[in-house]
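A.B. asks:
Numbering (this note's numbering), first residue to last: 290 to 431.
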């Protein structure tokens, strides 16, 4: 995902240090940022006259423009599988996508699909339980 942008204050300190006569690399070392960052900030300030970081890019997922439809679909039919959601997207919205893209979309929107309590009881192993019952004490047992 990347790192957060450095603060405007730090950018200003580096640019001011260079304006006062220091080299870009030494200003970067002094304020513990990379030399390439110091060079970029000073160049950017010379070009634009501002220290504000560039705007963040738009999300690349084509599913974001269908977010409200997808979230509504899940609230109406919570038991859909990822493959079924992919099929619905293609049929109803004309969007061709994959299971993993849909999964990432729901993770970005803080949606998880945990099994409900009745289903948790069914997901155990296929074993008999704690062990086979003893024959002692049963009627007809020796």
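Cβ coordinates follow ideal geometry from the N, Cα and C atoms, glycine included.
Pair every Cβ in the region 361 to 380 with every Cβ in the region 330 to 337, then say whether three or more of these pairs are closer than 8 angstroms.
C.D. replies: With a cut-off of 8 angstroms, the region 330 to 337 and the region 361 to 380 do not count as touching, because too few Cβ pairs lie within range.
A.B. asks: Does DSSP put residue 373 in a helix, in a strand, or in coil?
C.D. replies: To locate residue 373, count along the chain shown from 1; it is residue 84. Residue state, collapsed to three classes: helix.
A.B. asks: If you draw a straight line from the alpha carbon of residue 334 to that of residue 319, how long is it in whole angstroms?
C.D. replies: Looking up residue 334 in the chain shown gives position 45. Looking up residue 319 in the chain shown gives position 30. The straight-line gap from Cα to Cα measures roughly 19 angstroms.
A.B. asks: Measuring only the C-alpha atoms, how far is residue 394 from residue 296?
C.D. replies: By 1-based counting over the chain shown, the position of residue 394 is 105. By 1-based counting over the chain shown, the position of residue 296 is 7. Straight-line Cα distance between these residues: approximately 29 angstroms.
A.B. asks: Taking its Cβ as the centre, do 16 or more other Cβ atoms sit within 10 Å of residue 317, making it buried, or is it exposed?
C.D. replies: Along the chain shown, read from residue 1 onward, the residue named residue 317 stands at position 28. Buried: at least 16 other Cβ atoms inside 10 Å.
A.B. asks: Do you know how far the Cα of residue 349 is from the Cα of residue 340?
C.D. replies: Position 51 of the chain shown, counted from the start, is the residue given in the question as residue 340. Position 60 of the chain shown, counted from the start, is the residue given in the question as residue 349. Whole-angstrom Cα-Cα distance: 26 angstroms.
A.B. asks: Would you mind reading off the limits of the alpha helix (DSSP H) that contains residue 393?
C.D. replies: Stepping through the chain shown from its first residue, residue 393 is reached at position 104. 388 to 397 is the span of the alpha helix (DSSP H), which, as asked, contains residue 393.
A.B. asks: Closest by CA to residue 433, which one among 292, 293 and 323?
C.D. replies: The question about residue 433 has no answer here: the residues shown for the chain are numbered 290 through 431.
A.B. asks: Just to confirm, is the Cβ distance from residue 378 to residue 386 under 8 angstroms?
C.D. replies: Working through the chain shown from its first residue, we reach residue 378 at position 89. Working through the chain shown from its first residue, we reach residue 386 at position 97. Against a cut-off of 8 angstroms, the Cβ pair of residue 386 and residue 378 comes out as a contact.
A.B. asks: With a cut-off of 8 angstroms on the beta carbons, I'd call residue 352 and residue 315 a contact; round off their distance for me.
C.D. replies: The residue given as residue 352 occupies position 63 in the chain shown. The residue given as residue 315 occupies position 26 in the chain shown. Between residue 315 and residue 352 the Cβ distance is about 47 angstroms, and since that is not below 8 angstroms, they are no contact.
A.B. asks: For residue 361, which of helix, strand or coil comes out of DSSP?
C.D. replies: Walking along the chain shown from the start, residue 361 turns up at place 72. Residue 361 falls in the helix class under three-state DSSP.
A.B. asks: Considering only C-alpha positions, which residue in the set 364, 383 and 326 is nearest to residue 354?
C.D. replies: Here residue 354 refers to the residue found at position 65 when the chain shown is read from its first residue. Considering only alpha carbons, the answer is 383.
A.B. asks: Quick one: Cα of residue 258 to Cα of residue 374, how far?
C.D. replies: This structure cannot speak to residue 258, because the chain is shown only from 290 to 431.
A.B. asks: In this structure, does DSSP put residue 366 in helix, strand or coil?
C.D. replies: Numbered from 1 along the chain shown, position 77 holds the residue referred to as residue 366. Reduced to three states, the DSSP call for residue 366 is coil.
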